[in-house]
Amino acid sequence: MKLAFVSTLTMAVLITGCSIPTAPSAVTPLEGIFTQPVGRSSATRIPNGSDVTLGIVYSRNTQANRAYLQDYQANAGTGFGQSLLVQSIHDAYVATSKPDLAVDWVKASLERQFGSVTVYPDMQSLQAAKPDVVAVVDSRSQLITSRSSDIEANVSVDFYDKNLSYIGTAKGHDAKALSPVWADFKRSEEIVADINEQQNVQVRALQKFDQSLNNLLTRPTDKVSMLDDNKVQKLY
């Protein structure tokens, strides 16, 4: 079967003519959410179960990351994606930059652990609702650009009691450095495989988050150890 290659000319167009968005700069997860220092809760475990209500707010990082991924997808469809000769490459960029992958995954994971999970637009609305437990969801991604093929994904959830005192954090991280996807004489299949690593990295970070969440909810918060990456099960 004849293999498709991305030519030097095509890659030159890709590099010079694209407008691939770069990941936004990160801020602290609590920036813009709490207006005063947060103390440590006296609770040694995070309340959870079918009778426990959880209120969520998304950090500025999470909101900026969703906008970044939306922009990345839009550019794949109307910007740099159109300059590619191979449709499968364009499709891979679109498929691996889902704006809601992290927030949907995290919310589903939390719904398996709490009786009800509600997302609020801000801390004021959340406090007025008075849930049993409060969570701040923070997610960040770094995808392939014309200048870098380093991929990274971070997700964390900070838990607080009803008095907004800190209890504990569940988190997941994964990263991978690839050879430049625009390297000359790379087969289109190789380029697609590299781009698909964007989703694999995001999924692995979320899998690690799930394991961290399980550790946090089943052990005293002062006994939770660092994750053993080798024990992460394939969930996706």
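Numbering (mature numbering (1 follows the signal peptide of the UniProt record, and there is no 0)), first residue to last: -26 to -1, 1 to 210. Note that CB positions come from ideal geometry on N, CA and C, so glycine has one too. In this text, all values refer to a predicted model and were calculated from it rather than measured experimentally.
What span of residues does the beta strand (DSSP E) with residue i cover, start to end?
| i | result |
| --- | --- |
| residue 93 | 88 to 93 |
| residue 128 | 124 to 135 |
The alpha helix (DSSP H) spanning residue i covers which residue range?
| i | result |
| --- | --- |
| residue 155 | From DSSP, residue 155 is part of no alpha helix (DSSP H); its letter is neither H nor E. |
| residue 213 | One cannot answer for residue 213 here, as it falls past the ends of the chain, which runs -26 to 210. |
| residue 82 | 75 to 85 |
| residue 100 | 97 to 103 |
| residue 62 | 61 to 69 |
Do residue j and residue i come within 7 Å of each other at the CB atom, strictly closer than that value?
| i | j | result |
| --- | --- | --- |
| residue 145 | residue 130 | yes |
| residue 22 | residue 190 | no |
| residue 46 | residue 71 | yes |
| residue 50 | residue 67 | yes |
| residue 211 | residue 155 | The shown model of the chain, from -26 to 210, leaves out residue 211, and the question about it has no answer. |
| residue 20 | residue 141 | yes |
| residue 127 | residue 179 | yes |
| residue 162 | residue 60 | yes |
| residue 88 | residue 12 | no |
| residue 143 | residue -5 | no |
| residue 39 | residue 115 | yes |
In the DSSP assignment, what are the bridge partners of residue i?
| i | result |
| --- | --- |
| residue 32 | 111 |
| residue 142 | 133 |
| residue 148 | 127 |
| residue 116 | 126 |
| residue 27 | 90 |
| residue 212 | For residue 212 there is no data in the structure shown, the boundaries of the chain being -26 and 210. |
Can you tell which of the options has its C-alpha closest to the C-alpha of residue i?
| i | options | result |
| --- | --- | --- |
| residue 174 | 117, 139, 153, 188 | 117 |
| residue 90 | 183, 30, 182 | 30 |
| residue 106 | 62, 133, 182 | 133 |
| residue 176 | 28, 138, 125, 85 | 125 |
| residue 41 | 161, 88, 75 | 75 |
| residue 17 | 36, 104, 172, 139 | 139 |
| residue 34 | 152, 97, 183 | 97 |
| residue 184 | 147, 152, 171, 164 | 147 |
| residue 24 | 85, 15, 38, 188 | 85 |
| residue 121 | 136, 152, 100, 115 | 152 |
| residue 172 | 43, 100, 14, 36 | 43 |
| residue 64 | 28, 73, 48 | 48 |
| residue 15 | 136, 7, 77, 101 | 136 |
Measuring from the CB of residue i, is there a heavy atom of the ligand SAM at a distance below 6 Å?
| i | result |
| --- | --- |
| residue 97 | Although the ligand SAM was asked about, the structure shown includes no ligands whatsoever. |
Meets three-Cβ-pair contact criterion under 8 Å: the segment 108 to 115 and the segment 74 to 89: yes
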